[in-house]
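One structure is given here, and the rest of the page talks about it.
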Amino acid sequence: MPHRRDPNQIAGWLRERVSGGLQCDSRKLRSGDAFIAWPGAATDGRRFVPDALRAGASAALVEAEGAESFQLHDERVLAVPGLKALAGPIASAFHGDPSQRLDVVAITGTNGKTSSAWWMAQLLNAAGRPCSVIGTLGIGRPLAAGVATDAGHRLVPTGLTTPDPVLLQATLREMVDQGLTACAIEASSIGLSEGRLNACRIRVAIFTNFTQDHLDFHGSMSDYWEAKAALFSWPGLEAAVVNVDDSQGMALDQALMGRRDLVRWSVGIDHPARLMARDIRFTDHGMRFEVVEYDELGQEIERGELALDLIGRYNVSNVLGVVGAARALGLPLAQALESCRSLGPVPGRMEQVEILADQPLVLVDYAHTPDALEKALLALQPLTRQRGGVLWVLVG
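Counting along the sequence shown from 1, when you hit position 164 you're at 163 in numbering that gives the first Met the number 0, and nothing is skipped either side.
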(Lines of atoms letter the chains of each structure in order from A and count residues from 1; the text may use other names and numbers.)
(Lines give C-alpha, C1' and ligand atoms only; values in the text may rest on other atoms or scores of the structure.)
Protein backbone atom coordinates (compact mmCIF):
# COMPACT_ATOMS: atom_id res chain seq x y z
CA MET A 1 0.00 0.00 0.00
CA PRO A 2 1.63 3.31 -1.07
CA HIS A 3 2.14 6.10 1.49
CA ARG A 4 2.10 9.89 0.99
CA ARG A 5 2.26 12.88 3.34
CA ASP A 6 2.03 16.06 1.25
CA PRO A 7 -1.58 17.39 1.04
CA ASN A 8 -1.10 18.90 -2.41
CA GLN A 9 0.37 15.69 -3.82
CA ILE A 10 -2.43 13.67 -2.25
CA ALA A 11 -5.04 16.05 -3.69
CA GLY A 12 -3.44 15.60 -7.11
CA TRP A 13 -3.54 11.81 -6.71
CA LEU A 14 -7.25 12.08 -5.88
CA ARG A 15 -8.06 14.34 -8.82
CA GLU A 16 -6.56 11.75 -11.19
CA ARG A 17 -9.00 9.13 -9.90
CA VAL A 18 -12.08 10.86 -8.53
CA SER A 19 -14.97 12.09 -10.67
CA GLY A 20 -17.19 12.96 -7.69
CA GLY A 21 -16.41 14.36 -4.27
CA LEU A 22 -14.79 13.36 -0.99
CA GLN A 23 -16.65 11.57 1.79
CA CYS A 24 -15.72 10.43 5.28
CA ASP A 25 -19.16 8.90 5.86
CA SER A 26 -19.45 5.65 3.90
CA ARG A 27 -23.25 5.88 3.99
CA LYS A 28 -23.15 9.00 1.82
CA LEU A 29 -20.82 7.63 -0.86
CA ARG A 30 -21.76 7.82 -4.50
CA SER A 31 -20.06 6.22 -7.46
CA GLY A 32 -16.89 8.11 -8.35
CA ASP A 33 -16.36 9.52 -4.84
CA ALA A 34 -13.29 9.04 -2.67
CA PHE A 35 -13.68 7.58 0.82
CA ILE A 36 -11.53 9.02 3.62
CA ALA A 37 -11.20 6.76 6.65
CA TRP A 38 -9.47 7.08 10.01
CA PRO A 39 -10.01 5.58 13.50
CA GLY A 40 -12.85 7.26 15.40
CA ALA A 41 -14.11 7.22 18.96
CA ALA A 42 -16.88 4.70 18.22
CA THR A 43 -15.48 2.73 15.28
CA ASP A 44 -12.63 2.61 12.78
CA GLY A 45 -13.60 3.94 9.38
CA ARG A 46 -11.05 1.68 7.70
CA ARG A 47 -13.39 -1.26 8.36
CA PHE A 48 -15.70 0.11 5.68
CA VAL A 49 -13.14 0.64 2.91
CA PRO A 50 -13.80 -2.69 1.09
CA ASP A 51 -17.55 -2.01 1.10
CA ALA A 52 -16.94 1.55 -0.13
CA LEU A 53 -14.84 0.34 -3.05
CA ARG A 54 -17.44 -2.29 -3.98
CA ALA A 55 -20.12 0.43 -3.82
CA GLY A 56 -18.32 2.49 -6.47
CA ALA A 57 -15.76 4.59 -4.61
CA SER A 58 -12.91 5.24 -7.04
CA ALA A 59 -10.28 5.87 -4.34
CA ALA A 60 -9.74 5.73 -0.60
CA LEU A 61 -7.42 7.46 1.84
CA VAL A 62 -6.72 5.64 5.10
CA GLU A 63 -4.75 6.36 8.25
CA ALA A 64 -1.35 4.72 7.73
CA GLU A 65 -0.72 3.71 11.33
CA GLY A 66 -2.13 0.24 11.87
CA ALA A 67 -3.48 0.00 8.31
CA GLU A 68 -1.70 -3.31 7.70
CA SER A 69 -4.18 -5.15 9.91
CA PHE A 70 -7.01 -4.27 7.51
CA GLN A 71 -5.24 -5.91 4.52
CA LEU A 72 -6.24 -3.17 2.10
CA HIS A 73 -4.19 -4.43 -0.85
CA ASP A 74 -5.73 -2.33 -3.58
CA GLU A 75 -4.10 0.23 -5.87
CA ARG A 76 -7.06 2.54 -5.22
CA VAL A 77 -6.09 2.86 -1.55
CA LEU A 78 -3.49 5.36 -0.35
CA ALA A 79 -2.15 5.39 3.22
CA VAL A 80 -1.56 8.79 4.85
CA PRO A 81 0.23 9.18 8.21
CA GLY A 82 -1.74 11.54 10.47
CA LEU A 83 -4.72 11.52 8.12
CA LYS A 84 -7.22 13.04 10.57
CA ALA A 85 -5.13 16.20 10.99
CA LEU A 86 -4.38 16.33 7.25
CA ALA A 87 -7.97 15.79 6.10
CA GLY A 88 -8.63 19.54 6.11
CA PRO A 89 -5.52 20.48 4.10
CA ILE A 90 -6.14 17.62 1.64
CA ALA A 91 -9.80 18.56 1.14
CA SER A 92 -8.90 22.24 0.85
CA ALA A 93 -6.30 21.52 -1.84
CA PHE A 94 -8.71 19.18 -3.66
CA HIS A 95 -11.34 21.94 -3.83
CA GLY A 96 -8.91 24.72 -4.80
CA ASP A 97 -8.45 26.29 -1.35
CA PRO A 98 -11.90 27.94 -1.28
CA SER A 99 -11.45 29.75 2.05
CA GLN A 100 -8.79 31.91 0.38
CA ARG A 101 -11.61 33.51 -1.61
CA LEU A 102 -13.94 34.13 1.34
CA ASP A 103 -13.95 36.47 4.33
CA VAL A 104 -14.27 33.80 7.00
CA VAL A 105 -15.34 34.94 10.47
CA ALA A 106 -14.99 32.24 13.15
CA ILE A 107 -16.78 32.55 16.48
CA THR A 108 -15.77 30.67 19.62
CA GLY A 109 -17.01 30.76 23.21
CA THR A 110 -19.12 28.65 25.54
CA ASN A 111 -22.34 30.54 24.77
CA GLY A 112 -23.35 32.95 22.03
CA LYS A 113 -21.68 31.24 19.06
CA THR A 114 -24.90 30.38 17.25
CA SER A 115 -26.49 33.82 17.67
CA SER A 116 -23.29 35.62 16.74
CA ALA A 117 -22.74 33.55 13.59
CA TRP A 118 -26.39 34.02 12.58
CA TRP A 119 -26.29 37.78 13.04
CA MET A 120 -22.89 38.06 11.39
CA ALA A 121 -24.36 36.49 8.26
CA GLN A 122 -27.49 38.66 8.40
CA LEU A 123 -25.43 41.83 8.85
CA LEU A 124 -23.03 41.08 5.99
CA ASN A 125 -25.85 40.08 3.66
CA ALA A 126 -27.58 43.39 4.40
CA ALA A 127 -24.29 45.21 3.75
CA GLY A 128 -24.03 43.69 0.28
CA ARG A 129 -21.50 41.00 1.16
CA PRO A 130 -23.24 37.66 0.49
CA CYS A 131 -22.62 35.47 3.51
CA SER A 132 -23.64 32.02 4.69
CA VAL A 133 -23.53 30.48 8.15
CA ILE A 134 -22.07 27.16 9.29
CA GLY A 135 -22.97 25.99 12.76
CA THR A 136 -25.33 24.33 15.19
CA LEU A 137 -28.44 25.17 13.16
CA GLY A 138 -26.91 23.89 9.92
CA ILE A 139 -25.52 25.41 6.75
CA GLY A 140 -27.28 28.13 4.77
CA ARG A 141 -28.14 31.80 4.46
CA PRO A 142 -30.38 33.16 7.24
CA LEU A 143 -33.16 35.45 6.11
CA ALA A 144 -33.23 39.05 7.24
CA ALA A 145 -35.71 40.08 9.93
CA GLY A 146 -39.22 40.39 8.55
CA VAL A 147 -38.49 38.31 5.43
CA ALA A 148 -40.48 35.10 5.22
CA THR A 149 -40.68 32.25 2.73
CA ASP A 150 -42.54 28.96 2.77
CA ALA A 151 -39.23 27.15 3.11
CA GLY A 152 -38.01 29.27 6.00
CA HIS A 153 -34.27 29.77 6.30
CA ARG A 154 -33.38 26.78 4.05
CA LEU A 155 -30.71 25.38 6.37
CA VAL A 156 -29.07 22.00 5.79
CA PRO A 157 -28.39 20.25 9.12
CA THR A 158 -25.00 18.59 9.74
CA GLY A 159 -25.40 17.24 13.28
CA LEU A 160 -22.25 19.04 14.45
CA THR A 161 -21.51 22.60 15.52
CA THR A 162 -18.36 22.58 13.39
CA PRO A 163 -18.64 20.06 10.51
CA ASP A 164 -15.98 17.50 9.69
CA PRO A 165 -13.14 18.97 7.59
CA VAL A 166 -14.14 17.13 4.42
CA LEU A 167 -17.71 18.46 4.47
CA LEU A 168 -16.50 21.90 5.55
CA GLN A 169 -14.14 22.36 2.59
CA ALA A 170 -16.74 21.06 0.12
CA THR A 171 -19.25 23.52 1.59
CA LEU A 172 -16.83 26.44 1.26
CA ARG A 173 -16.26 25.45 -2.38
CA GLU A 174 -20.02 25.53 -3.00
CA MET A 175 -20.21 28.98 -1.41
CA VAL A 176 -17.53 30.31 -3.74
CA ASP A 177 -19.28 28.76 -6.75
CA GLN A 178 -22.55 30.40 -5.67
CA GLY A 179 -20.94 33.84 -5.58
CA LEU A 180 -20.78 34.25 -1.82
CA THR A 181 -17.96 36.38 -0.45
CA ALA A 182 -18.11 35.62 3.28
CA CYS A 183 -18.87 32.88 5.76
CA ALA A 184 -19.59 32.92 9.50
CA ILE A 185 -18.50 29.70 11.22
CA GLU A 186 -19.09 28.46 14.74
CA ALA A 187 -15.70 27.20 15.93
CA SER A 188 -16.41 24.75 18.74
CA SER A 189 -13.67 23.70 21.14
CA ILE A 190 -14.10 20.08 20.02
CA GLY A 191 -13.96 21.11 16.37
CA LEU A 192 -10.75 23.06 16.99
CA SER A 193 -9.22 20.18 18.97
CA GLU A 194 -10.04 17.68 16.25
CA GLY A 195 -8.61 19.84 13.47
CA ARG A 196 -11.88 20.32 11.61
CA LEU A 197 -10.87 23.88 10.68
CA ASN A 198 -7.34 22.95 9.61
CA ALA A 199 -6.32 24.72 6.37
CA CYS A 200 -9.26 27.12 6.62
CA ARG A 201 -8.15 30.72 6.16
CA ILE A 202 -9.81 32.65 8.97
CA ARG A 203 -9.73 36.41 8.67
CA VAL A 204 -11.53 37.45 11.89
CA ALA A 205 -12.02 35.55 15.16
CA ILE A 206 -14.67 36.46 17.76
CA PHE A 207 -14.57 35.43 21.43
CA THR A 208 -17.92 35.56 23.24
CA ASN A 209 -17.41 34.13 26.76
CA PHE A 210 -16.03 31.20 28.71
CA THR A 211 -17.83 29.04 31.29
CA GLN A 212 -17.93 25.34 32.13
CA ASP A 213 -18.85 22.94 29.32
CA HIS A 214 -17.55 19.88 27.44
CA LEU A 215 -15.44 18.60 30.34
CA ASP A 216 -16.38 15.07 29.29
CA PHE A 217 -14.27 15.68 26.17
CA HIS A 218 -11.52 18.02 27.37
CA GLY A 219 -11.10 16.68 30.90
CA SER A 220 -10.24 20.03 32.51
CA MET A 221 -11.09 23.71 32.21
CA SER A 222 -7.48 24.49 31.28
CA ASP A 223 -7.56 22.06 28.35
CA TYR A 224 -10.98 23.41 27.36
CA TRP A 225 -9.59 26.94 27.33
CA GLU A 226 -6.47 25.92 25.44
CA ALA A 227 -8.65 24.52 22.66
CA LYS A 228 -10.59 27.77 22.29
CA ALA A 229 -7.53 30.00 22.61
CA ALA A 230 -5.93 28.22 19.65
CA LEU A 231 -8.25 30.17 17.35
CA PHE A 232 -6.47 33.41 18.26
CA SER A 233 -3.07 32.16 17.15
CA TRP A 234 -4.47 30.91 13.85
CA PRO A 235 -2.09 31.25 10.87
CA GLY A 236 -3.00 34.33 8.85
CA LEU A 237 -5.56 35.66 11.34
CA GLU A 238 -5.97 39.40 10.75
CA ALA A 239 -8.24 40.57 13.57
CA ALA A 240 -9.58 39.45 16.95
CA VAL A 241 -12.84 40.66 18.50
CA VAL A 242 -12.88 39.97 22.23
CA ASN A 243 -15.59 40.41 24.88
CA VAL A 244 -13.70 42.02 27.76
CA ASP A 245 -16.70 41.83 30.11
CA ASP A 246 -15.76 38.16 30.45
CA SER A 247 -12.80 37.57 32.79
CA GLN A 248 -11.19 35.09 30.41
CA GLY A 249 -11.83 37.52 27.58
CA MET A 250 -10.01 40.22 29.52
CA ALA A 251 -7.03 37.89 29.93
CA LEU A 252 -7.14 37.01 26.23
CA ASP A 253 -7.26 40.67 25.24
CA GLN A 254 -4.19 41.37 27.37
CA ALA A 255 -2.36 38.40 25.86
CA LEU A 256 -3.10 39.60 22.32
CA MET A 257 -1.61 43.04 22.95
CA GLY A 258 1.81 41.69 22.01
CA ARG A 259 0.68 40.59 18.55
CA ARG A 260 1.49 43.44 16.19
CA ASP A 261 0.15 41.48 13.22
CA LEU A 262 -3.31 41.41 14.78
CA VAL A 263 -5.95 44.17 14.99
CA ARG A 264 -7.73 43.98 18.37
CA TRP A 265 -11.38 44.96 18.75
CA SER A 266 -12.34 44.83 22.40
CA VAL A 267 -16.08 45.06 23.03
CA GLY A 268 -17.86 45.60 26.31
CA ILE A 269 -20.76 46.91 28.31
CA ASP A 270 -19.23 47.15 31.78
CA HIS A 271 -15.50 47.51 31.02
CA PRO A 272 -13.69 50.11 28.87
CA ALA A 273 -13.37 48.85 25.31
CA ARG A 274 -12.92 49.98 21.73
CA LEU A 275 -16.63 49.40 21.11
CA MET A 276 -19.07 49.95 23.96
CA ALA A 277 -22.81 49.80 24.48
CA ARG A 278 -24.28 52.77 26.35
CA ASP A 279 -27.72 53.75 27.63
CA ILE A 280 -29.30 50.30 27.31
CA ARG A 281 -33.10 50.47 27.47
CA PHE A 282 -35.56 47.58 27.34
CA THR A 283 -38.84 47.81 25.47
CA ASP A 284 -41.89 45.52 25.37
CA HIS A 285 -40.36 43.43 22.57
CA GLY A 286 -36.67 44.27 22.50
CA MET A 287 -34.10 46.89 23.41
CA ARG A 288 -32.42 50.11 22.37
CA PHE A 289 -28.85 51.20 23.04
CA GLU A 290 -26.06 53.36 21.70
CA VAL A 291 -22.87 51.93 20.22
CA VAL A 292 -19.82 54.11 20.82
CA GLU A 293 -16.44 53.61 19.16
CA TYR A 294 -13.25 54.89 20.82
CA ASP A 295 -9.68 55.24 19.62
CA GLU A 296 -6.67 53.71 21.37
CA LEU A 297 -6.43 56.75 23.66
CA GLY A 298 -10.02 56.36 24.80
CA GLN A 299 -11.33 59.32 22.80
CA GLU A 300 -14.75 58.94 21.22
CA ILE A 301 -14.68 58.62 17.44
CA GLU A 302 -18.28 57.92 16.50
CA ARG A 303 -21.58 56.72 17.91
CA GLY A 304 -24.94 55.50 16.68
CA GLU A 305 -28.17 54.08 18.08
CA LEU A 306 -29.56 50.58 17.62
CA ALA A 307 -33.17 49.48 18.15
CA LEU A 308 -33.52 45.71 17.94
CA ASP A 309 -36.34 43.23 18.47
CA LEU A 310 -33.97 41.06 20.50
CA ILE A 311 -34.18 40.13 24.16
CA GLY A 312 -31.44 39.91 26.77
CA ARG A 313 -28.56 42.03 27.96
CA TYR A 314 -26.15 39.28 26.91
CA ASN A 315 -27.38 39.75 23.34
CA VAL A 316 -26.13 43.34 23.51
CA SER A 317 -22.70 41.80 23.96
CA ASN A 318 -23.24 39.37 21.08
CA VAL A 319 -24.37 42.17 18.77
CA LEU A 320 -21.37 44.28 19.77
CA GLY A 321 -19.09 41.39 18.81
CA VAL A 322 -20.73 41.14 15.41
CA VAL A 323 -20.42 44.91 14.87
CA GLY A 324 -16.76 44.67 15.91
CA ALA A 325 -16.17 41.95 13.33
CA ALA A 326 -17.89 44.06 10.68
CA ARG A 327 -15.56 46.93 11.52
CA ALA A 328 -12.59 44.54 11.32
CA LEU A 329 -13.76 43.60 7.81
CA GLY A 330 -13.69 47.26 6.83
CA LEU A 331 -17.33 48.32 7.17
CA PRO A 332 -17.79 51.86 8.52
CA LEU A 333 -19.58 51.96 11.86
CA ALA A 334 -22.61 53.74 10.39
CA GLN A 335 -23.01 51.08 7.70
CA ALA A 336 -22.59 48.26 10.22
CA LEU A 337 -25.28 49.74 12.47
CA GLU A 338 -27.62 50.35 9.54
CA SER A 339 -27.15 46.73 8.48
CA CYS A 340 -28.10 45.63 11.99
CA ARG A 341 -31.68 46.51 11.09
CA SER A 342 -31.71 43.10 9.35
CA LEU A 343 -30.99 41.21 12.58
CA GLY A 344 -33.82 38.95 13.64
CA PRO A 345 -34.35 36.31 16.31
CA VAL A 346 -32.27 33.16 16.01
CA PRO A 347 -34.25 29.89 15.98
CA GLY A 348 -34.31 28.55 19.52
CA ARG A 349 -32.48 31.55 20.98
CA MET A 350 -34.98 33.78 22.80
CA GLU A 351 -37.23 33.15 19.82
CA GLN A 352 -40.63 34.80 20.09
CA VAL A 353 -43.62 32.60 19.27
CA GLU A 354 -46.21 34.25 17.05
CA ILE A 355 -49.38 34.69 19.12
CA LEU A 356 -52.57 36.73 19.07
CA ALA A 357 -52.66 40.28 20.41
CA ASP A 358 -53.18 40.81 24.15
CA GLN A 359 -51.80 37.35 24.91
CA PRO A 360 -48.73 36.48 27.04
CA LEU A 361 -45.33 36.74 25.38
CA VAL A 362 -44.00 33.22 24.69
CA LEU A 363 -40.32 32.56 24.05
CA VAL A 364 -38.33 29.45 23.13
CA ASP A 365 -34.70 29.12 24.20
CA TYR A 366 -32.38 26.11 23.93
CA ALA A 367 -30.20 27.06 26.93
CA HIS A 368 -28.36 23.86 27.88
CA THR A 369 -25.65 24.96 30.30
CA PRO A 370 -26.08 26.40 33.82
CA ASP A 371 -24.57 29.70 32.68
CA ALA A 372 -26.81 29.93 29.61
CA LEU A 373 -29.96 29.17 31.60
CA GLU A 374 -29.05 31.70 34.29
CA LYS A 375 -28.41 34.39 31.69
CA ALA A 376 -31.68 33.61 29.92
CA LEU A 377 -33.70 33.97 33.11
CA LEU A 378 -31.87 37.14 34.15
CA ALA A 379 -32.43 38.57 30.68
CA LEU A 380 -36.18 38.09 30.99
CA GLN A 381 -36.55 39.85 34.34
CA PRO A 382 -36.40 43.43 32.98
CA LEU A 383 -38.85 42.47 30.24
CA THR A 384 -41.18 40.88 32.80
CA ARG A 385 -41.13 44.06 34.89
CA GLN A 386 -41.61 46.20 31.78
CA ARG A 387 -44.74 44.22 30.88
CA GLY A 388 -46.00 44.10 34.48
CA GLY A 389 -46.29 40.33 34.34
CA VAL A 390 -45.01 37.10 35.87
CA LEU A 391 -42.26 34.89 34.44
CA TRP A 392 -43.17 31.23 34.00
CA VAL A 393 -40.51 28.66 33.01
CA LEU A 394 -41.32 25.32 31.39
CA VAL A 395 -38.44 22.84 31.11
CA GLY A 396 -38.23 19.22 30.11
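Ideal placement from N, C-alpha and C gives every residue a C-beta, glycine not left out.
Under the criterion of beta carbons closer than 8 Å, residue 321 and residue 118 qualify as touching, at roughly 5 Å. The DSSP-derived three-state label of residue 264 is strand.
Three or more pairs of CB atoms, one per stretch, sit closer than 8 Å, so the stretch 54-64 contacts the stretch 73-81. Collapsing the DSSP output to three states places residue 0 in coil. The residue from 14, 261 and 206 with its alpha-carbon nearest to that of residue 244 is 206. By the Cβ-count criterion, residue 260 is exposed, with fewer than 16 other Cβ atoms from all chains shown falling within 10 Å of its own Cβ. For the pair residue 326 and residue 162, the Cα-to-Cα distance works out to about 27 Å.
Taking all protein chains in view, the Cβ of residue 136 is crowded by 16 or more other Cβ atoms within 10 Å, so the residue is classified as buried.
In this structure, the alpha-carbon of residue 44 lies about 21 Å from that of residue 160. Counted as a single uninterrupted DSSP element, the alpha helix (DSSP H) harbouring residue 373 occupies residues 369-386.
With contacts defined as CB atoms closer than 8 Å, residue 175 and residue 100 qualify as a contacting pair. Under the rule that a run must span 4 or more residues, the alpha helix (DSSP H) segments found entirely inside the stretch 221-272 read 246-255.
Assigned with DSSP and collapsed to three states, residue 278 falls in strand.
Residue 93 is not a Cβ neighbour of residue 191, given a cutoff of 8 Å.
Ranked by Cα distance from residue 71, the first of 21, 80, 82 and 47 is 47. When secondary structure is reduced to three states using DSSP, residue 209 falls in the coil class, being assigned neither helix nor strand. The C-beta separation of residue 183 from residue 132 comes to about 5 Å, placing the pair in contact by the 8 Å criterion. With 16 or more other CB atoms across the displayed protein chains lying within 10 angstroms of its CB, residue 375 is buried.
Here residue 120 is buried, its C-beta having at least 16 other C-beta atoms within 10 Å. In the structure shown, residue 201 adopts coil according to DSSP, grouped into three states.
In the structure shown, residue 85 falls within a helical segment according to DSSP collapsed to helix, strand and coil.
Rounded to the nearest angstrom, the gap between the Cα atoms of residue 246 and residue 9 is 44 Å.
For residue 313, the enclosing alpha helix (DSSP H) starts and ends at 312-327.
Residue 130 and residue 185 have their alpha carbons spaced roughly 14 Å apart. Nearest to residue 263 by C-alpha distance, out of 324, 134 and 82, is 324.
For residue 67, no beta strand (DSSP E) run applies, since DSSP gives it neither H nor E.
With a 10 Å radius around the Cβ and a threshold of 16 neighbouring Cβ atoms, residue 83 comes out buried.
The residue from 218, 242, 254 and 383 with its alpha-carbon nearest to that of residue 232 is 254.
According to the DSSP assignment, residue 102 belongs to no alpha helix (DSSP H) but to the beta strand (DSSP E) extending over 102-107.
Residue burial is scored here from C-beta neighbours: residue 300 has fewer than 16 other C-beta atoms within 10 angstroms and is therefore classed as exposed. For residue 132, the beta-bridge partners assigned by DSSP are 139 and 183.
In the three-state scheme derived from DSSP, where H, G and I count as helix and E and B as strand, residue 393 is classed as coil. Taking C-beta atoms as the reference points, residue 88 and residue 6 count as a pair closer than 8 Å. Taking the CA atoms as reference points, residue 279 sits about 15 Å from residue 384. DSSP places residue 302 inside the beta strand (DSSP E), whose first and last residues are 299-307.
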